[in-house]
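Beneath this line is the structure, given in structure tokens, with notes to follow.
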Amino acid sequence: MTSIVQALPAMQVEQLELILRSMHSTLAELEKLVKSFEKLWRDGIGLLKAEKITAQQSEQRFGPRPSLNDCLKGLHDLYIMHRDEHKLKLAIISSLAYESRSDDVSALQVVLHDQPNLPPDEVKRIFEVIAAGDVW
């Protein structure tokens, strides 16, 4: 019969594995979303090319509504924003290991939580740190 002291670490590892699987599942869903945004953006570009409209027509606005180019730019911005978020979160989660120190995990948790509010230069710097292996 195992004592609570012996069983507790095993249960904690099981919970950690469940959390990591959940994180990877969430990342897979985010990747699907990124691909959907990319497809919408590319389809929009394809439709504009197929219609053979002029540059002036694609910039034309009707009242307060955005132009076709504004809509495509918005789709592109959404695609890039979600793509970058996915890449950053994938890099962070992939760098987690059982040997990770708790303060490193806490720092990564803050980045995961705050990422949408990080300036693009900061995101680039974080990628460089992760790629260089300076996190651990």
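Using my numbering, read the sequence shown as starting at 6 and increasing by one per residue.
Here a beta-carbon is modelled for each residue, glycine too, at the ideal position from N, C-alpha and C.
Owing to the predicted nature of the structure, the values given are computational and were not obtained by experimental measurement.
- Separation of the CB atoms of H91 and L35 is rounded to 5 angstroms, and the pair is thereby assigned contact status at 8 angstroms.
- DSSP places Y103 outside any alpha helix (DSSP H), giving it a letter other than H or E.
- Around the beta carbon of H87, 16 or more other beta carbons sit within 10 angstroms, so the residue counts as buried.
- For Q61, the uninterrupted alpha helix (DSSP H) segment begins and ends at 60 to 64.
- Counting the other Cβ atoms within 10 Å of the Cβ of I97 gives 16 or more, which makes it buried.
- L73 is a Cβ neighbour of L53, given a cutoff of 8 angstroms.
- Residue environment: L77 is assigned as buried (16 or more neighbouring CB atoms within 10 Å of its CB, all protein chains considered).
- Here the alpha carbon of E43 sits roughly 42 angstroms from the alpha carbon of A15.
- Around the Cβ of V18, a 10 Å sphere holds fewer than 16 other Cβ atoms; the residue is exposed.
- The DSSP-derived three-state label of F67 is coil.
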